[in-house]
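In the working numbering, the protein residues as written are 15 to 437. Where is the CB? At the ideal position from N, CA and C, for every residue including glycine. Read the structure below first, then the notes.
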RNA sequence: GGAGAAUUGGCAGAGUGGUCGAAUGCACUAGUCUUGAAAACUAGCGUGCCGCAAGGUACCGAGAGUUCGAAUCUCUCAUUCUCCGCCA
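Below, the structure is given as structure tokens:
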């Protein structure tokens, strides 16, 4: 969440930045400051009363030692009222802090100034394009027909076992997924990311840490008996490794990657967007996560963008990079680049990666800090990106590379898959 | 899942009702000494909030309670360890 101190000190800038999301920045900023003023005032009063109570207690202790019981008892009577006052005071402080926190939870990150204003995906800015669209025959099949033809992904079977959106990968389909796991992890490791295998279920504190809670409460699967959530992305457990952690400045950049299944309820989705592999409740993804010195985070973001470009080039898929506009930007992000591959038979762009810088929005919640050269505590910056999400990559590979002979895998995948054609 | 024990600063580890934000050791930082290093010695060394500052306040797993006063007593919860049960 936004830091109150930053909101106070850079009001004009924060207002301007929130307005990129079409929010009433002025109103929000003044609400924050008002609540924070109340919080401060409440604490000052409470602290003064506590100081008095503490000092009386010390006096009583002294009097008891000297055996002056009567004098001690006189003082005790004085504390009755103070106790009451302190009890009320601490309740008032808690409620002031709580109200402020609740407000901050509802305010999304303030976008980077380079984020275009806009309220829908039409206003996203194409910043890079790569590759040629493959020329398709008129009878080119969408991937859900190809998966049927070669019997590599079974949607019906998934419905039987779990429900829509939980496909069963079979034969070369399953092996292709396994190949992608190794391909993506090997590349990430080569780029300096440490591989981790985190839990797939997370507690509430972790959900708040990276900002899925309370904002995306309804989008995560929740296990009622144990009050745990299934991860919607490895971002949550991997970033939460660093909750309540104080780093040394020399630790930066901290680079982790991980392969996990991801679970999303996708409430409210419908239509051709959810056909086949386009949108699933469970899918596989390799995620890259970085922790950064605040001065370096946007350099690292660019570096991550270059890394994703390299992956997609190796996969020989036509893609483009979008800078998301204020209206399309995720709740916690300050700047996001989306990667879309062109899926030729559907004639559609499919989002396969989203790379974001969160500045201090997550680290403020996580209490992820480092000591600067003057020994002062500072919040780190967090970044992450999908590298990559599997199902739409598979969809695009199937559609773009289909031929009479079967589906030809890109060269770099062949050694991982152990076969050249899905046939 | 059942029974028992535990949870203190980066680590180890004292502290069972008052001047304890917390002994001591190790680690760490700076300095002295040294040609340099080690050793030794000296000093420093947790975090949040309020305050221009002095300082105040809170934190000894979390939350509630008893008390004038709680690291210390009571209750609830969490976690860890040991034994039993179950199990990939």
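| Check | Outcome |
| --- | --- |
| Check whether residue 168 and residue 155 have beta carbons under 8 Å apart | no |
| Cβ pair residue 270, residue 195 closer than 8 Å | no |
| The stretch 240-250 / the stretch 197-205 touching (three or more Cβ pairs under 8 Å) | no |
| Own chain residues within Cβ distance below 7 Å of residue 289, not counting five before or after | 158 |
| Residue 21 - containing alpha helix (DSSP H), residue span | 18-23 |
| Whole runs of the beta strand (DSSP E) within the stretch 312-376, excluding any shorter than 3 residues | 333-337, 349-357 and 362-373 |
| Alpha-carbon spacing of residue 415 relative to residue 361, whole angstroms | 14 Å |
| Separation of residue 408 from residue 29, as counted between CA atoms | 42 Å |
| Coarse secondary structure for residue 384, derived from DSSP in three states | strand |
| Opposing strand residues paired with residue 208 [DSSP bridges] | 270 |
| DSSP three-state assignment for residue 252, whether helix, strand or coil | helix |
| Start-to-end residues for the beta strand (DSSP E) that takes in residue 396 | 395-403 |
| CA-to-CA distance, residue 331 to residue 148, given in whole angstroms | 9 Å |
| Test item: CB-CB of residue 404 and residue 191 under 8 Å | yes |
| Extent of the continuous beta strand (DSSP E) to which residue 306 belongs | 296-306 |
| Inter-residue spacing [alpha-carbon to alpha-carbon] between residue 153 and residue 146 | 20 Å |
| Nearest to residue 124 (by Cα), restricted to the options 350, 355, 437 and 368 | 350 |
| Residue 214 beta carbon less than 8 Å from that of residue 274 | yes |
| Residue 398 versus residue 62 - alpha carbon distance | 45 Å |
| Option nearest residue 17 by Cα separation, candidates 208, 43, 34 and 279 | 43 |
| Beta carbon of residue 137 nearer than 8 Å to that of residue 341 | yes |
| Cβ shell of residue 45 (< 7 Å), same chain only, five flanking positions each side left out | 117 |
| Residue 355 vs residue 406 beta-carbon contact at 8 Å | yes |
| Cutoff 8 Å; reference residue 266; Cβ partners in own chain excluding five residues on either side | 305, 306, 307, 310, 384 and 394 |
| Proximity winner among 262, 431 and 298, relative to residue 392 (alpha-carbon distances) | 262 |
| Close Cβ partners of residue 363 (< 8 Å) along its chain, the five nearest in sequence each way excluded | 334, 354, 355, 356 and 357 |
| Identified DSSP bridge partners for residue 417 | 420 |
| Local Cβ density within 10 Å of residue 278, reported as buried at 16 or more and exposed below that | buried |
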